[in-house]
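Asker: Under my numbering, the residues of the sequence shown are numbered 196 to 587, in order.
Shown below is the structure under consideration.
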Amino acid sequence: MNTKDFVEKDYYKVLGVPKDATEAEIKKAYRKLAREFHPDANKGDASAEERFKEISEANDILGDAKKRKEYDEARALFGNGGFRPGPGGGGSFNFDLGDLFGGTQQGGQAGGFGGGLGDVFGGLFNRGAGPGAGTRTQPRRGQDIESEVTLSFTEAVDGATVPLRMSSQAPCKACSGTGDKNGTPRVCPTCVGTGQVSRGSGGGFSLTDPCADCKGRGLIAETPCDICKGSGRARSSRTMQVRIPAGVSDGQRIRLRGKGAPGERGGPAGDLYVVVHVGTHPVFGRKDDNLTVTVPVTFAEAALGADIKVPTLNGPSVTLKLPPGTPNGRTMRARGKGAVRKDGTRGDLLVTVEVAVPTELSDKAREALEMYREATESQDPRSALFESAKGA
C-alpha cells in the first residue's frame with residue numbers, strides 16, 4: 196500500500212459503515228459484502244474479484260483495533276494532502292511515532308499494513324540521507340488471501356482438515372519472478388532499485404510513492420515475459436490441506452500466518468484468512484462451548500423420578516438422574532460432554548427436559564389417568580395464578 200492509497204482510501208465507505216461504527220457493525224458489513232462478491236460466487240467476474248479484494252483490505256484494517264487506530268490517526272495527520280502540525284505549529288503528534296513508523300507485530304509484519312507504515316511513510320523524514328541511502332531493492336510481503344469453508348456440525352466441534360483451492364498472485368514461473376523473458380532485468384534508473392520515489396510536500400518534508408516507471412518493483416524488464424507482461428507476478432492456483440481447530444463457531448475468521456501468497460525478493464508470505472460456516476445438527480445445538488439437547492420424558496418419569504439415558508455427540512450415552520417432581524423445561528448438565536475449548540478441555544452438555552404428552556392412550560393407561568385425576572381433583576395448580584391476578 197502506498198502513501199496516496201493509505202491517505203485517500205476511505206475504508207469506511209468501502210464497507211458502507213460510519214466512522215464511529217462498532218466492531219460488530221464492521222464485522223456484519225464485511226460478512227455480507229464478502230459473501231456477495233466472493234470469487235466462488237462470481238466466477239469469471241473480474242470486477243467482483245477486485246471488489247472482494249477491496250472489501251478484504253478494508254476489513255483487515257478496520258477489523259483490527261490497533262490497525263484501525265493507526266489508520267484513523269494517519270488520515271487525520273495527512274488527510275488534507277500534507278503534514279498537519281499539532282497545537283503551536285511545532286509538529287507534535289497525538290500518537291506514538293515509534294509505533295507508526297517502526298512498530299512491528301508478531302510474524303514480522305510491520306505495523307500490520309502489508310509492508311507496514313514504516314514502508315508507507317518511509318521517506319517522510321529522509322532529509323539528509325547520504326548518497327546511496329535506501330537504494331537496495333526491498334523485499335515485498337505477499338498478498339493476504341481470504342477463503343471460506345463450510346463444516347458439518349460435528350467437524351466444527353471436533354476439528355477437521357479440509358482442502359482449500361486458492362488463487363493468488365505469485366512469482367511468475369516462466370521468468371522466475373524477474374519479469375524478463377531472459378531472466379535479466381535491469382535496475383530501474385528512476386528509483387535506483389528502491390521501487391519508490393520521493394516528492395516534496397512543503398516544509399522540508401517528503402513523501403514516498405511507488406515508482407511509476409517500474410510499478411514499484413525496482414526492476415525493469417528489457418524483454419518483458421510473455422506470461423506476466425513484465426510484472427514478475429502471475430495468477431497461481433494451489434490446493435492446501437488446512438487444519439480447522441476444534442471448537443470453531445459459525446462465522447469465525449481464522450488467521451493462518453504465512454499461508455497466503457508468496458512474497459517477492461525474499462519477502463515473507465502473506466496470511467490466509469478462513470471464514471468458517473457451520474451446518475446444523477438434527478439433535479444437538481450449541482451455546483458457546485456447551486452443546487444442547489432436548490430430551491422428552493414421560494409424565495410418570497417427571498413426577499416420580501427416573502434414571503434417563505441421554506445421547507452425546509460421537510460418544511456413548513450418559514445416564515442422568517431425574518429427581519421426583521421435575522418440571523417441564525428444567526435443564527440439567529452432563530459435564531465434559533460439550534464442545535472442545537481452546538485449552539483442550541470440553542464444555543458441558545445442557546440437557547433440557549420436555550414432558551411428552553401422549554396423543555393416543557390404551558384403555559389401561561386411560562383408566563390409570565382417570566384414577567389419578569380423581570385422586571388429585573382437590574388440587575388446583577392454577578389457584579395461585581388467579582390469586583395473583585386479583586391482587587395485582
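Think of the CB as a built atom: it goes at the ideal place given N, C-alpha and C, for glycine as much as any other residue.
Remember, it's a predicted structure, so these values are computed and weren't measured experimentally.
(1) Leaving out five residues before and five after Val212 in sequence, what residues of the same chain have Cβ atoms less than 7 Å from its Cβ?
(2) Tell me which residues share the same chain as Pro491 and place their Cβ nearer than 7 Å to its Cβ, disregarding the 5 neighbours each side in the sequence.
(3) From which residue to which residue does the beta strand (DSSP E) around Arg528 run?
(4) Tell me the DSSP secondary structure of Val209 in three-state form.
(5) Count the other CB atoms within 10 Å of the CB of Arg230; is the residue buried (16 or more) or exposed (fewer)?
(6) Need the endpoints of the alpha helix (DSSP H) that Gly586 sits in, please.
(7) When the Cα atoms are used, what is the spatial distance from Gly285 to Glu265?
(8) Are Val546 and Met566 close, meaning C-beta to C-beta below 8 Å?
(9) Is DSSP giving Gly498 helix, strand or coil here?
(10) Give me, in chain order, the residues of the same chain whose beta-carbon lies closer than 8 Å to that of Gly303; leave out the 5 immediate sequence neighbours on both sides.
(11) Spatial neighbours of Ala369 within its chain, please: C-beta separation below 6 Å, excluding the five flanking residues on both sides.
(12) In whole angstroms, what separates the C-alpha of Glu350 from that of Asp483?
(13) Which of helix, strand or coil does DSSP assign to Leu228?
(14) Mapping the DSSP letters down to three states, classify Ile415 as helix, strand or coil.
(15) For Lys504, which residues in the same chain have their Cβ closer than 6 Å to its Cβ, ignoring the five residues on either side in sequence?
(16) Taking the alpha-carbon positions, what's the Ser573 to Lys585 distance?
(17) Assuming contact is defined by CB atoms lying nearer than 8 Å, are Asn485 and Gly425 in contact in what I supplied?
(18) Buried or exposed for Lys537, going by 16 or more other Cβ atoms inside 10 Å?
(19) Provide the residue span of the alpha helix (DSSP H) that contains Thr493, from first to last.
Answerer: Put simply:
(1) Reading the sequence shown from its first residue, position 17 is the one you call residue 212. If we look at Val212 and ignore the five residues flanking it on each side, its Cβ neighbours are Glu220, Ile221, Ala224.
(2) Sequence index remark: in the sequence shown, residue 491 carries index 296 (1-based). Only Glu549, Ala551 meet the Cβ criterion.
(3) Locating residue 528 in the sequence shown gives position 333, where the first residue counts as 1. 526 to 529 is the extent of the beta strand (DSSP E) around Arg528.
(4) Within the sequence shown, numbered from 1, the residue matching residue 209 stands at position 14. Correct three-state label for Val209: helix.
(5) As a working mapping, residue 230 is identified with position 35 in the sequence shown. Exposure of Arg230 is indicated by the presence of fewer than 16 other C-beta atoms within 10 angstroms of its C-beta.
(6) By 1-based counting over the sequence shown, the position of residue 586 is 391. Judged by DSSP secondary structure, Gly586 falls within the alpha helix (DSSP H) whose first and last residues are 578 to 586.
(7) On the sequence shown, position 90 is the one that residue 285 refers to. On the sequence shown, position 70 is the one that residue 265 refers to. Bear in mind that a pLDDT of 40 at Gly285, under 50, signals an unreliable position, so the number given afterwards is only what the model happens to contain. So the alpha carbons of these two residues sit roughly 21 Å apart.
(8) Reading the sequence shown from its first residue, position 351 is the one you call residue 546. Reading the sequence shown from its first residue, position 371 is the one you call residue 566. The Cβ atoms of Val546 and Met566 lie no closer than 8 Å to each other.
(9) Residue 498 sits at position 303 when you count from the first residue of the sequence shown. Contrary to the premise, residue 498 reads as Ala rather than Gly in this sequence. Here Ala498 sits in helix by DSSP.
(10) Translated into the one-based positions of the sequence shown, residue 303 becomes position 108. Note on Gly303: pLDDT 39, under 50, position unreliable in the model; the coordinate value appears next. So the list reads Pro463, once near-sequence residues are dropped.
(11) Taking the first residue of the sequence shown as 1, we reach residue 369 at position 174. Cβ neighbours of Ala369 beyond the five flanking positions: Cys420, Ile422.
(12) By 1-based counting over the sequence shown, the position of residue 350 is 155. By 1-based counting over the sequence shown, the position of residue 483 is 288. Near 16 Å, if we compare the C-alpha coordinates of Asp483 and Glu350.
(13) What you label residue 228 is simply residue 33 of the sequence shown in a count that begins at 1. In this structure, Leu228 counts as helix in the three-state DSSP scheme.
(14) On the sequence shown, position 220 is the one that residue 415 refers to. In this structure, DSSP gives Ile415 an extended state, which the three-state scheme calls strand.
(15) Start at 1 with the first residue of the sequence shown, and residue 504 comes out as number 309. If we look at Lys504 and ignore the five residues flanking it on each side, its Cβ neighbours are Ser512, Thr514.
(16) Taking the first residue of the sequence shown as position 1, residue 573 is located at position 378. Taking the first residue of the sequence shown as position 1, residue 585 is located at position 390. It is roughly 21 Å from the alpha-carbon of Ser573 to the alpha-carbon of Lys585.
(17) Indexing the sequence shown from 1 puts residue 485 at position 290. Indexing the sequence shown from 1 puts residue 425 at position 230. For Asn485 and Gly425, no; Cβs fall outside 8 Å.
(18) Reading the sequence shown from its first residue, position 342 is the one you call residue 537. Lys537 is exposed by the Cβ-count criterion.
(19) To locate residue 493, count along the sequence shown from 1; it is residue 298. The continuous stretches of alpha helix (DSSP H) do not include Thr493, and DSSP gives it neither H nor E.
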